[in-house]
Amino acid sequence: MRIAYLFLLCCLLSVQAFAQAAYRRVKARNGDGVETLLLRQGLSPGRYGAAFKQLNKKNLTRRHGLITGRTYLLPKRVATRKPPVLRTARRTSRPATAVPVVLSTKPISPAQLFGPRYAGTPAQSSSLRGAVYYLSSGHGGPDPGAIGKYGSYQLAEDEYAYDVTVRLARVLISHGALVYVMVQDPNDGIRDENVLPMDYDEVQYPQLRIPLSQVQRLRQRIAQVNKLHARHKGAYQRLLALHVDSRSEGQNIDVFFYHHASSATGLRLAKNIHRVFTSRYKRAQPNRPYSGNVSERGTLYEVRNSHAPAVFMELGNIRNQKDQRRFVVADNRQALANWICEGLIADYRGKQ
Ligand SMILES: [Zn+2]
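What the sequence shown shows, in mature numbering (1 follows the signal peptide of the UniProt record, and there is no 0), is residues -19 to -1, 1 to 333, in sequence order.
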């Protein structure tokens, strides 16, 4: 029985090897995409793109990209045929509107958000009872945000901002707060790994598809925040936007906070979080001065348009090597979440 099975397997393998031998092979150069590679070989991407992807399924990245140096099979050239005279089938592809925007009206459960390792949320105190938080981790869905090179890995801003954000959500809940996680990943959970693989399946609370356009994305996010804000009218409500990039590329930064110029409550919140960071940094690295600061950045869409007082935080720069070292350690991501929580507790305590 086993012999027969092995024999069959050998046959299959050799058939496959034979079939592959019939295709022309070509190595992907640095910077090649499916289109550029096909064009260089004189093949039309429109005509041969799908066949190429089918043939090389195993060697494509998640976004149908090529891997430099890897060998790819070229589809066989087919004789050009005249198109059939009756071509009314233009509309066979589904219009863009057919893609559902609302994937579900039910938000993802906290247990699912935190993942199996952190599913339970032990109560620590009730110091944030009555407070409502909107946590908005930067980018997500089709937009990974800034990308840093870490050895042979790519670190995406949205994954690291997200991990700190869900950790923060969990501590806030453990202190009795009501938390809305505005960007949600259905299957990542809180992750302890160093390298957090990039994916594109994050959704917008409650379960909306995240648009690629930044303007549309932020508009959608803030519309949700403001809708919820109306529902909790009268309550202490705050929005925190968390990012891991900075405008000045390559720069090693500490943590920066931005608030809206006309928002005294936003400024106070930023200062309260800043105070915790200053003292924690002093304790952790006594010889290195902490350089993060609080400043006004009214041009940030979320800060400007949120009905809840908002603070925008840059936790570091994913493209900077020193900052990367800080973010790839799960304990450091947890520390950032804990420090933000401490600042939020101080702000809530002094709210009157
Ligand atoms: Zn960002």
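Ideal placement from N, C-alpha and C gives every residue a C-beta, glycine not left out.
The beta-carbon separation of L84 and L189, rounded to 7 Å, stays under the 8 Å limit for a contact.
The C-beta of A211 has fewer than 16 other C-beta atoms within 10 Å across all chains shown, which makes the residue exposed. Counting only the Cα atoms, K214 lies some 21 Å from H241. In this structure, E138 sits away from L177, with a CB-CB distance that is not shorter than 8 Å.
Just measuring C-alpha positions, the residue of L54, Y29, V164, R44 sitting nearest P91 is V164. Remark: the shortest separation between the CB of G157 and any heavy atom of ligand 1 does not fall under 7 Å.
Here D124 has D139, I191, L193, Q195, R198 as same chain residues with Cβ atoms under 8 Å from its own Cβ, once five neighbours each way along the sequence are excluded. By DSSP's assignment, D124 forms a beta bridge with G121.
For the 8 Å CB-CB criterion, V184 and S287 do not form a contact. In terms of Cα proximity to S243, the closest of F237, S276, Y181 is S276. Checking the 7 Å criterion, the Cβ of E283 is out of range of every heavy atom belonging to ligand 1. Membership of A251 in any beta strand (DSSP E) is not indicated; the residue belongs instead to the alpha helix (DSSP H) covering 245 to 265.
The beta-carbon distance between Y186 and Y161, rounded to whole angstroms, is 6 Å. This is short enough to meet the 8 Å contact definition. Per the Cβ contact rule, the segment 89 to 109 is in contact with the segment 167 to 176 (3 or more Cβ pairs under 8 Å). As for any beta strand (DSSP E) of minimum length 3 sitting wholly inside the segment 126 to 190, the runs are 128 to 131, 134 to 137, 159 to 162, ordered along the chain.
Within the same chain, W320, E323, G324 come within 6 Å of V257 by CB-CB distance, once the 5 residues on both sides are set aside. No residue range can be given for A289, since it is assigned to no alpha helix (DSSP H) and is classified by DSSP as neither H nor E.
Boundaries for A318: no beta strand (DSSP E) harbours it, while the alpha helix (DSSP H) harbouring it runs 311 to 330, taken from the DSSP string.
Taking every residue with its beta carbon within less than 5 Å of a heavy atom belonging to ligand 1 gives, in chain order, G119, G126, H224, D226. Of the residues assessed, N253 falls on the buried side of the cut-off, its CB having 16 or more other CB atoms within 10 angstroms. If the five residues before and after V292 are omitted, its C-beta is found closer than 8 Å to the C-beta atoms of R219, L220, L221, A222, F238, Y239, H240, G247, L250, A251, I254, V284, all from its own chain and listed in chain order. In the DSSP assignment, R6 falls within the beta strand (DSSP E) that extends over 5 to 8. Straight-line measurement puts the Cα of R330 at about 27 Å from the Cα of Y99.
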